[in-house]
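Chains as they are written, first to last, in full-length UniProt numbering: chain A, 1 to 359; chain B, 1 to 359.
Glycine included, C-beta positions come from ideal geometry on N, C-alpha and C.
Take a look at the structure below.
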């Protein structure tokens, strides 16, 4: 990581502008969303180098002249368009807002899942609880409520979640099956996407999904549909409750985008319980995004921003960690890192952990 | 205006990052707010070149280690701090977030007045109504509800409103009294700030404030306190209602940050009624911020962003205009611009209008 260690090369003038951009950030966010939702980005993109005038846009977009104009002007200020001789043309930032599916997944996730709850970020930080979750229900964390969220919220949540994991699967599967595990324990396996990827990739492997009952019901329904219900097994538990069972003696324990859902203290406990469940030759594979392992500042920005979703909406006490913090917890729980592979998918890191030798 | 007429000089890589920044903008906004609210910016600023560590911050800020750390990491990504040898130092953007009162006024205005309502920007645009206002009450526009807004909302609204006008007053007063008006009509005079500035500046002038009853009650209470109740007069009306009276025969009609509260059609009507009320030698002085008259892009950004407050929160159909639109409406109403002065205060423009000669 080469960034954040020296002041930005930026004039005082530009920094002052940057401060105003932050102050008006909710405006720029909603304007970008509306420009996309009402098809204005698409229309301007379609006009190409020739551009399109306000009068032409009015004929094709079902909004008043006032509404289109106010969006266009803010879009100019945001660098989404440029405009010469009264004709609007898409600029590079607008191009990526329209065509980069990462931007649109992020934007929908922030709008439908996070926007309202982020208003209560201050209270969430003070109380160490996801106060913003109250906009959806009165659960303590989002996890038991996940299957009951409003349709659009649920859709945006899963699209965001899967977008990042899906990009990692292809390069991960050969790495995971290198040690030829007969039985994989998918800890916090959610809808079973990973379990099905494994059973597709290897015709003999069995996968046990450990999760809350709500998630398991969905996963097992999916297992039926994928015709792998004979090799995908549910294991009902609450990983935060030490009195609930933990699957013993799996060959490979798998935790993907999972530990970021817990506080440091909870992670150590979960890792210790995993250690207690592992056979001497079992592996624990941890897939996470660490902000310090991102090759570019843009990735670190997205990872750090995602942390605040955990603070205000998900559970109030977890986050995307710095890899150093995770390595410390892994060591403390009685494991060592046998392999440490960065740049999987969109900035994921795979840590292959084994039991430390007994003294 | 030299900006917006050509594509930004920006790599595809940076534009893609820019798109992610927009997608996570509500996060960066709330993080900046919390860093300021919890005194973290101040603490890091105070540490100067030496910087301050996370452990030291924990001793001085009443938040958990988790809460402080998650804010610091996102602050790094936003360029608010930089961090070397585990010590955080304020970067230029952080400096302006902390010390530039324009940034803090804008930020509070967006949080307390606009944030929640901006969630409904799409509906506001579709319906041409300020749907976001429902978070505060069931008024059609914010104006009749202004005096009943929650305390913190009202405070942020007035601080934002006055911040921009206050910076313009000093250079405006000599311009306005150049023509030695005996009676100024302050159209939409709100709490009376301009009226009191005039009576302070000139010991003989009389000022009549035309506004809604709620605003006038506050203004006249202030007039008593300023000991100018003998020269400041209330004139109760609703400027959107053509059946309500309009003050006739004033020497100088004054509209400051006023016409941006109305749609184009409403502005033309108000200007026509002013024309009908003017004596042959009366003046109409219009003070506004036009986004195309800002000397720098940062100003245009703020002005264009402010327009969306009108869309989603204030009335659903008004905005900060392009000067060309305003000049067209002024002409259409029967006036000509006798003097056109830019760069007053923080990017205001004064248009001194007179009646066009009769045919």
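Interface flag, residue i vs chain B, CB-CB below 8 angstroms
| i | result |
| --- | --- |
| residue 302 of chain A | yes |
| residue 18 of chain A | yes |
| residue 29 of chain A | yes |
| residue 295 of chain A | no |
| residue 262 of chain A | no |
| residue 150 of chain A | no |
| residue 37 of chain A | yes |
| residue 23 of chain A | yes |
| residue 119 of chain A | yes |
| residue 360 of chain A | The structure shown has nothing for residue 360 of chain A, since chain A only spans 1 to 359. |
| residue 40 of chain A | no |
| residue 323 of chain A | no |
| residue 157 of chain A | no |
Among the options, nearest to residue i - alpha-carbon criterion
| i | options | result |
| --- | --- | --- |
| residue 52 of chain A | A:36, A:72, A:166 and A:38 | A:72 |
| residue 77 of chain A | B:8, B:45 and B:220 | B:8 |
| residue 354 of chain A | A:327, A:232 and A:145 | A:327 |
| residue 347 of chain A | A:295, A:232 and A:282 | A:295 |
| residue 161 of chain A | A:70, A:118, A:244 and A:189 | A:189 |
| residue 33 of chain B | A:11, A:209, A:120 and A:54 | A:120 |
| residue 365 of chain B | B:232, B:175 and B:128 | Lying before the first or after the last residue shown, residue 365 of chain B is absent from chain B, which here runs from 1 to 359. |
| residue 270 of chain B | B:311, B:330, B:103 and B:16 | B:330 |
| residue 304 of chain B | A:79, A:74 and A:22 | A:74 |
| residue 43 of chain B | B:50, B:31, B:49 and B:57 | B:57 |
| residue 182 of chain A | A:238, A:243 and A:249 | A:249 |
| residue 277 of chain A | A:127, A:221 and A:242 | A:242 |
| residue 164 of chain B | B:105, B:211 and B:192 | B:105 |
| residue 299 of chain B | B:226, B:124 and B:345 | B:345 |
Cβ shell of residue i (< 6 angstroms), same chain only, five flanking positions each side left out
| i | result |
| --- | --- |
| residue 255 of chain B | 187 and 286 |
| residue 147 of chain B | 214 |
| residue 109 of chain A | 156 and 160 |
| residue 261 of chain B | 318 |
| residue 185 of chain B | 208, 247, 250 and 253 |
Other residues of its chain near residue i: CB distance less than 7 angstroms, five sequence neighbours each side excluded
| i | result |
| --- | --- |
| residue 342 of chain A | 293 and 349 |
| residue 141 of chain B | 130, 314 and 315 |
| residue 274 of chain A | 253 and 284 |
Three-state secondary structure (DSSP) of residue i
| i | result |
| --- | --- |
| residue 226 of chain B | coil |
| residue 80 of chain A | coil |
| residue 7 of chain B | coil |
| residue 233 of chain A | strand |
| residue 349 of chain B | strand |
| residue 191 of chain A | coil |
| residue 325 of chain A | helix |
| residue 200 of chain A | helix |
| residue 93 of chain B | helix |
| residue 289 of chain B | coil |
| residue 167 of chain B | helix |
| residue 263 of chain A | coil |
| residue 147 of chain B | helix |
| residue 87 of chain B | strand |
| residue 253 of chain B | strand |
| residue 278 of chain B | coil |
| residue 63 of chain A | coil |
CB contact check: residue i to chain E, cutoff 8 angstroms
| i | result |
| --- | --- |
| residue 258 of chain A | Here chain E cannot be found, since the structure's protein chains are A and B. |
Beta carbon proximity, residue i to chain A, threshold 8 angstroms
| i | result |
| --- | --- |
| residue 194 of chain B | no |
| residue 70 of chain B | yes |
| residue 78 of chain B | yes |
| residue 73 of chain B | yes |
| residue 107 of chain B | yes |
| residue 5 of chain B | yes |
| residue 154 of chain B | no |
| residue 265 of chain B | no |
| residue 83 of chain B | yes |
| residue 112 of chain B | no |
| residue 10 of chain B | yes |
| residue 2 of chain B | no |
| residue 26 of chain B | yes |
| residue 163 of chain B | no |
beta-carbon residue i near the ligand SAH non-hydrogen atom, thresh 7 angstroms
| i | result |
| --- | --- |
| residue 98 of chain A | Among the components of this structure there are no ligands whatsoever, and the ligand SAH is therefore not found. |
Same chain, Cβ closer than 8 angstroms to residue i, neighbours up to 5 away in sequence not counted
| i | result |
| --- | --- |
| residue 325 of chain A | 264 |
| residue 84 of chain A | 51 |
Mind checking the segment 85–101 of chain A against chain B and listing, in chain order, the residues whose C-beta falls within less than 8 angstroms of any C-beta there? 89, 91, 92, 93, 95, 96, 97 and 100
Give the residues from the segment 122–137 of chain A that approach chain B closer than 9 angstroms (Cβ to any Cβ), ordered along the chain. 122, 124, 125, 126 and 128
Cβ-based contacts, 7 angstroms cut-off: residues of the segment 52–70 of chain A near chain B: 63, 64, 66, 67 and 70
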